[in-house]
Structures are given as structure tokens and as C-alpha cells.
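Numbering (the numbering used here), first residue to last: 329 to 688.
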């Protein structure tokens, strides 16, 4: 199979080979040294400010989102949530579940957030802003420097879900004033799913120190304490943590800018190749990670997904809900090349000749 989804993604041979090895015991000095190196590299690659920490959770990205909402916000906060798609909306659901007062900004479909969109919320007592930086359901990348300036000007704590943005688009926590950045193992880190990383700047550490934990497994205070010795409170996904360490070292060897540039080039190559086909672009503020494409009115996006999977051995990313039959997504992360793009576009051209792409 050729995998163009946005997670899990194609892994490189070295990461796959490491995953085939026997999983070691983890309460050892050797494993602690690996985890401490991973924390150091995460802080470096995210541009985290001095005094930041990173914790590693054995959970999906949504688990990290919930840990951050529970661990850094409480009922005294007034949060502003950018709700531009299914993943941004998840922050709204978490705020409701954990009794965090919030208000949502709902950008138009496929649009980012402008200064004008933010202006009505300035000086209104908001204490935090939560954003899914790359809204992968629509392929929209929000303007992080703009959000950072708005938060600084209004004394707000900035929480950035970068599950699909880390290593795909530029992120500098210190420059943008990010309080928390979280990501997942199965996106551009290109490791198996089931692990997430939360990078915590000093303002987040201060919040964690004063908020009484209402959870055992997602207690960030306990995770930080154990992280001082390179360990986790409970049994981690040991093999995946070792693969994450390998990927971080690979990225560090070439530089995060080069890794982002590679994803950007893969996205640009695909978009150029597919431009003559009867699809419409969705995002007016596109991320490098994924290209959502709207099909012709007489075509069915989910049917195209099924045909590619069953007849061509190619996975693309379907959508759910009201977009299920209108929009599919093509990812550009993981171990993909322009030759892989050519194979996918060749399959699209074959489907076009068969009359499956519509546009009549």
C-alpha cells in the first residue's frame, strides 16, 4: 500500500527496523538517557523558551489535548477557541467537559483567522486562546505569529495543538509566545500511533503548579516529576518512544527547517501535478501537511477513496460528516517522494478516463 493519509503515515526503513526489535525493559538508566535526549531535542526543534519542559504521554493526540485542558486551565479561566473544523471543535468539547468557560470563533469554511476576526475579543477578559494550528479536516493553517501577538497584547495563555503542524510548517514557540505545544507520534514524526508529546513553556509550568490535578493518568505534574529522571509515571509505549527518539535525531541531523522544506516541496509538487484534474481546492490558507480537494458535483469523494484503496493499493484520507462525499484529503507527510505523487496522480487520471471523477 502507498499511504497518503495524515496519520499513521509511511515510516522510513530505519524507524520500521527499530520497531521490529525486541522491546527492552524501561526502568533503566539507558532508557532514561534516551527519554532525556528526546526531551532536549523536542525543546530544540520547537524553539521552546529557556526553562521549558517536555513530557511524553502514551495516548493519542486527543489524550494530550485533554491533559493540557485539565492541567493548565480551570474554571477561573475564560478561553477563546478557534473552532474551524472537527479538530478545533474538539477543544470546545473538552472545555465543556472540564467546565472551562469558553467562547468559540468560527471561521468560514476553508478560511483562516484575520486581525479583524480577533478584534471583537480584544480587551474582553479572555485568559487563554486554544487553536488547532493545522485544521486537517479543511487543510487550513492558522497564522501563528498573528495569534501570538494577539495573546501578548491581551495577556492570554496560548495553547497550540500542532499534531499535524509540527515538522510540516514553521513553529517557534519562543518567538510566538506559545505556552503549550502538543503533537502526536503518527504525523510528521512518522512513527506508530499511540504516543504524544506536550512541550510546556514556563507560563504553562506555573499553571500546572497551582492547578490541583483531577486525574491520575493525565496528571502533568506527575509526568514532569518523573521526567526529571527520564521516566514516565506509568508504563509507556516503550518501542514507540525509542522510534520517536530516532526520528528526532534524524530531524536534528538535517535541521528542522530542512524537514519543513521537504514537506513543503512534496505538497507543492502534488498540487502542481493535480491542478489539471476536476478537483477544487478547499483551503485559502493552506498547510504543507495536507491538501483537501473537493470533487465535482457528479462525483463522490468517499467512492474515490474506496476505489483507490481497493483497486490501486493507495490510501488517501476520507472525511466524515457532511464532507464525506464532497471532500477527500491527500497528505504530504511521512516517507513520501514526488514519484509517489506521480503514482497517485496517475491513478486519478485513470479514474478520470473511467468517468469516476465526474466533471461532466
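C-beta: ideal position from N, C-alpha, C; glycine also. For clarity, every value in this text was computed on a predicted model and none was experimentally measured.
- Each residue's CA atom was taken as its position, placing residue 534 and residue 417 some 26 Å apart.
- The three-state secondary structure of residue 432, taken from DSSP, is strand.
- Cβ-Cβ separation between residue 685 and residue 679: approximately 5 Å, consistent with a contact (criterion under 8 Å).
- Listed in chain order, the non-local C-beta contacts of residue 377 below 8 Å within the same chain comprise 501, 502, 529, 530, local neighbours out to five positions each way being set aside.
- Taking the Cα positions, residue 627 is about 16 Å away from residue 644.
- Along the length of the stretch 344-401, whole beta strand (DSSP E) runs at least 3 residues long occupy 381-385, reported in chain order.
- In the three-state scheme derived from DSSP, where H, G and I count as helix and E and B as strand, residue 613 is classed as coil.
- Cα atoms of residue 383 and residue 552: separation of roughly 6 Å, rounded to the nearest angstrom.
- Going by C-alpha positions, residue 523 is about 11 Å away from residue 571.
- If you draw a straight line from the Cα of residue 510 to the Cα of residue 556, it is about 19 Å long.
- In this structure, the alpha-carbon of residue 519 lies about 7 Å from that of residue 568.
- When Cβ pairs closer than 8 Å are counted between the two stretches, the stretch 609-627 is seen to touch the stretch 455-473, the count reaching three or more.
- About 14 Å separates the beta carbons of residue 504 and residue 458, which is beyond the 8 Å limit, so they are not a contact pair.
- If you compare the alpha carbons of 386, 370, 546, 651 with that of residue 395, the shortest gap goes to 546.
- With three or more CB-CB distances shorter than 8 Å, the stretch 655-664 counts as touching the stretch 332-349.
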